[in-house]
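If you want it as structure tokens, here you go:
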């Protein structure tokens with residue numbers, strides 16, 4: 004009498020969201036300073052002050068103008084402002100006609116996959132990967148194919164990718180800076196992927212689209228380069244979000260960018276608009292469209308994440324945890340102390356440590372720590388990490 | 004190489020949205036006072052002042068708290084506040100566990116249909132109906148069955164509905180106050196539907212869900228009653244929006260309400276959450292969740308719509324147009340002066356009158372006028388209505 008697939012999705016929320024909900028409850032029970040919640044990517048750094056100032060101005064402006072529907076893709080003036088900001092940053096020449104504003108990178112990826120996928124199409128994701136890629140791929144009729152990252156440095160394994168690409172491959176999703184590992188793909192690695200996709204597109208006579216999921220583009224450490232992917236490969240569609248770089252995760256602001264260089268660019272753009280329509284998206288939130296237009300050149304202060312990263316690494320080092328040194332985003336990928344990551348995450352809960360098990364990211368044996376938390380949370384978690392290590396007698 | 008259905012949806016945007024985009028362009032060309040844009044349901048009445056005040060306060064509050072992700076269904080405290088407001092209004096006993104906040108009524112309907120529909124399921128809509136019901140039904144694998152409203156008063160035709168219900172009928176969508184006609188179904192008419200659905204649910208051994216699409220609940224004139232539909236029929240799911248009643252259309256705030264009386268209520272609620280997840284919805288915009296919690300008992304001032312309605316009816320009367328006297332919402336359903344509504348809408352454009360042709364609502368021969376515009380727009384449109392009438396030599 005209902006769609007049992009949807010019920011199953013609702014009954015088993017994403018492991019990240021489930022742990023986040025557990026954390027919220029637990030904080031109520033024992034106090035938020037007693038729970039070391041590394042579950043969710045909720046930025047702990049405040050949005051730039053200009054965001055608050057613009058919100059105040061819009062709260063005092065003509066409400067009919069502020070809150071009206073915009074065109075589905077977004078207000079054309081707002082889109083043009085965004086286009087020009089990206090043009091300044093990347094030397095591109097986009098216009099408002101290349102951008103489709105939508106509710107965050109999640110909405111952007113969902114619309115893009117729905118726009119592109121036809122029955123029997125395959126989408127490749129690189130494990131470990133963001134939990135929901137599989138959900139959205141399957142929601143829009145595709146099949147997700149997992150290709151493991153290189154085990155040494157978690158960059159893309161181009162040989163494994165080549166072996167996985169078939170005549171059915173429609174999309175390859177990449178996410179750099181990467182959630183959950185924190186790796187940033189090198190230019191060389193991405194150029195290798197671009198060469199491979201060009202070769203395979205010719206071989207199969209149809210473009211393979213590269214979906215670049217970029218909510219963490221601005222969150223990099225030590226001056227690491229994050230190449231502008233459309234420069235490397237023409238059939239790139241960028242799914243972007245201001246959730247992390249402007250610390251606005253709950254406001255659901257992001258975009259799909261379809262550059263003119265994409266094969267049948269206007270048709271693809273139309274299909275993205277059609278996909279948004281078919282899913283019930285009407286327009287991105289009006290007030291925040293105007294906020295973004297004013298603040299698109301702003302950046303959140305990432306020095307707090309840098310400090311957190313250093314501090315957390317020191318604690319992990321102290322107790323001898325094994326982890327991947329993060330280059331970007333705000334996640335640490337830590338080896339679980341037993342093969343079963345879910346059991347390890349449960350054990351960590353006993354010390355009020357909320358660590359997301361790697362199973363939801365498509366691999367066994369690791370946990371993800373979001374260090375977008377207060378410095379105090381990290382400092383105070385030290386004993387818990389020690390006690391957790393002691394549980395395993397090492 | 005892409006999903007051609009999505010491309011077609013994008014290439015042919017909803018007739019309302021297409022006319023709205025045309026109007027925006029035309030206003031730029033000749034000045035907004037020269038274009039009589041009755042195309043879209045963008046409220047012309049300002050949001051209550053308290054909305055602006057809350058926005059200002061939130062712009063000055065801790066941005067980390069204001070803009071954080073909430074739980075997917077919405078912040079539990081916000082949901083509880085909403086539940087209590089509806090309980091006061093309708094004598095119900097809902098809690099936060101009955102509500103799922105989502106991006107407007109559109110998002111709510113999309114999630115509800117996706118939650119319920121299985122292959123071969125049918126959804127019944129009463130023509131004329133809101134353009135997008137068909138899109139969302141088909142997007143989620145169902146078949147839309149159109150049942151004409153009664154031709155005399157545009158209430159539901161219960162005999163025609165009975166004839167249309169089959170073993171495949173999963174959902175009946177109703178929308179009262181109605182877009183596009185402006186009719187409000189009487190209690191007797193809705194009780195008749197409830198009786199019919201109970202009888203048919205027993206006959207086919209499975210519940211038929213009543214989806215009550217309620218963005219216009221508060222917009223009624225002359226003290227007309229809008230019954231609380233879950234009181235009349237247990238398997239009612241309410242899809243609600245604050246777009247019109249608080250004049251916040253662009254902010255995308257609405258909910259799905261699954262009362263406990265619904266068959267397998269918890270499973271249905273889970274399926275709604277799962278549907279939202281599968282479509283890429285993450286949470287309703289955080290700042291506006293907090294605004295709604297503060298302003299949920301507020302109401303927009305609908306006296307302007309009452310004045311507009313009266314004024315527009317006077318103009319239509321003056322030139323002898325035939326129309327349905329509206330009881331609610333902010334639409335007038337006017338008989339086109341030729342059988343082809345699209346041709347009539349094109350003819351009206353020559354006088355800068357933007358009237359939505361009825362074809363997109365599933366019927367021939369009418370146009371929809373949204374009178375959620377400034378009083379001046381209506382006053383100044385008088386000559387254009389006269390000239391349009393004169394074009395048809397009557």
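Protein chains in written order, with our numbering: chain F, 4 to 397; chain R, 4 to 397. Note that beta-carbon positions come from the ideal geometry of N, C-alpha and C, so glycine has one too.
Query raised in the report: Along the chain, where does the alpha helix (DSSP H) that runs through residue 139 of chain F open and close?
Result: Per DSSP, residue 139 of chain F belongs to the alpha helix (DSSP H) from 135–142.
Query raised in the report: What whole-angstrom Cβ distance do residue 265 of chain F and residue 237 of chain F have, given they're in contact under 8 Å?
Result: About 7 Å separates the two Cβ atoms, so the contact holds.
Query raised in the report: Leaving out five residues before and five after residue 24 of chain R in sequence, what residues of the same chain have Cβ atoms less than 7 Å from its Cβ?
Result: none
Requested in this report: Verify the CB distance criterion: does residue 67 of chain F have a CB-CB separation below 8 Å to chain R?
Outcome: yes
Report task. Determine the closest residue to residue 72 of chain R out of F:347, F:67 and F:245, with distance taken between C-alpha atoms. Result -> F:245
Report task. Whole angstroms is fine: what's the gap from residue 160 of chain F's alpha carbon to residue 364 of chain F's? Result -> 17 Å
Requested in this report: May I have a chain-ordered list of the alpha helix (DSSP H) segments no shorter than 4 residues that lie completely inside the segment 171–226 of chain F?
Outcome: 190–207
Query raised in the report: Comparing the C-beta of residue 3 of chain R with each C-beta of chain F, is any distance below 8 Å?
Result: Outside the modelled stretch of chain R, which goes from 4 to 397, sits residue 3 of chain R, for which no answer is possible.
Query raised in the report: From F:125, F:251, F:270 and F:327, pick the residue whose C-alpha is nearest to that of residue 168 of chain F; which is it?
Result: F:125
**Report entry** Inter-residue Cα distance where the pair is residue 53 of chain F and residue 297 of chain F
**Finding:** 8 Å
Query - Continuous alpha helix (DSSP H) assignments of at least 4 residues falling wholly in the segment 57–84 of chain F - result: Within the segment 57–84 of chain F, the complete alpha helix (DSSP H) runs of at least 4 residues are 66–70.
**Report entry** Assigned exposure category for residue 306 of chain R - 16 Cβ within 10 Å defines buried
**Finding:** exposed
Query raised in the report: So what does DSSP say about residue 247 of chain F, is it helix, strand or coil?
Result: Coil at residue 247 of chain F, not helix or strand.
Query raised in the report: When you check each C-beta in the segment 52–77 of chain F against every C-beta of chain R, which residues fall closer than 9 Å?
Result: 52, 54, 55, 56, 57, 58, 59, 60, 61, 62, 63, 64, 65, 66, 67, 69, 70, 71, 72, 73, 74 and 75
Query raised in the report: Taking only beta-carbon atoms, is residue 16 of chain R less than 8 Å away from chain F?
Result: yes
Query raised in the report: Would residue 214 of chain R pass as a contact of residue 129 of chain R if the rule is Cβ separation under 8 Å?
Result: no
Requested in this report: Establish whether the CB of residue 284 of chain R and some CB of chain F are separated by less than 8 Å.
Outcome: For residue 284 of chain R, a Cβ of chain F is located within less than 8 Å of the residue's own Cβ.
Query - Cutoff 8 Å: residue 290 of chain R Cβ touching any chain F Cβ - result: Yes, contact with chain F.
Query raised in the report: If we count the other Cβ atoms within 10 Å of its Cβ and call it buried at 16 or more, is residue 33 of chain R buried or exposed?
Result: exposed
Requested in this report: Please say whether residue 329 of chain F and residue 344 of chain F have beta carbons closer to each other than 8 Å?
Outcome: Their beta carbons are not under 8 Å apart, which means residue 344 of chain F does not touch residue 329 of chain F by this criterion.
Requested in this report: Count the C-beta pairs between the segment 8–24 of chain R and the segment 72–86 of chain F that are closer than 8 Å, then say yes if the count reaches three, no if not.
Outcome: yes
Query raised in the report: Is it the case that the Cβ atoms of residue 102 of chain F and residue 356 of chain F are separated by a distance below 8 Å?
Result: For residue 102 of chain F and residue 356 of chain F, no; Cβs fall outside 8 Å.
Requested in this report: Let me know the alpha helix (DSSP H) ranges lying completely inside the segment 86–152 of chain F, each 4 residues or longer, listed in chain order.
Outcome: 107–119 and 135–142
Query raised in the report: Can the beta-carbon of residue 479 of chain F be found closer than 8 Å to that of residue 235 of chain F?
Result: The displayed coordinates of chain F run from 4 to 397. Any statement about residue 479 of chain F would go beyond what the structure contains.
Query raised in the report: What residue does the alpha helix (DSSP H) around residue 269 of chain R start on, and which one ends it?
Result: 268–282
Report task. Using 10 angstroms around the beta-carbon of residue 317 of chain F, count the other beta-carbons present and answer buried if the total reaches 16, otherwise exposed. Result -> Classification of residue 317 of chain F: exposed, given that the 10 Å Cβ count is below 16.
Query raised in the report: What's the gap between the Cα of residue 278 of chain F and the Cα of residue 286 of chain F?
Result: 13 Å
Query raised in the report: Among the residues of its own chain, which have a CB less than 8 Å from the CB of residue 204 of chain R, if the five just before and after it don't count?
Result: If we look at residue 204 of chain R and ignore the five residues flanking it on each side, its Cβ neighbours are 210, 211 and 238.
**Report entry** Residues in the segment 119–140 of chain F having any Cβ partner in chain R nearer than 7 Å
**Finding:** 119, 120, 121, 138 and 139
Query - Per-residue contacts from residue 271 of chain R into chain F (C-beta, under 9 Å) - result: 4, 5 and 10
Report task. Take every Cβ of the segment 370–390 of chain R, pair it with every Cβ of the segment 333–351 of chain R, and state whether three or more of those distances are shorter than 8 Å. Result -> yes
Query raised in the report: How close, in whole Å, do the beta carbons of residue 281 of chain R and residue 15 of chain F come, if the pair is a contact with beta carbons under 8 Å?
Result: That pair is no contact at about 12 Å.
Query raised in the report: Can you name the residues that DSSP bridges to residue 360 of chain R?
Result: In the DSSP output, where bridge partners are listed per residue, residue 360 of chain R has R:370.
Query raised in the report: Going by C-alpha distance, which of R:7, R:94, R:240 and R:231 is nearest residue 191 of chain R?
Result: R:231
Report task. Can you tell me the Cβ-Cβ gap for residue 50 of chain F and residue 251 of chain F, rounded? I've got them flagged as a contact below 8 Å. Result -> With a Cβ gap of about 6 Å, residue 50 of chain F and residue 251 of chain F count as contacting.
Query - Pair within 8 Å by beta-carbon distance, residue 6 of chain R and residue 274 of chain F - result: yes
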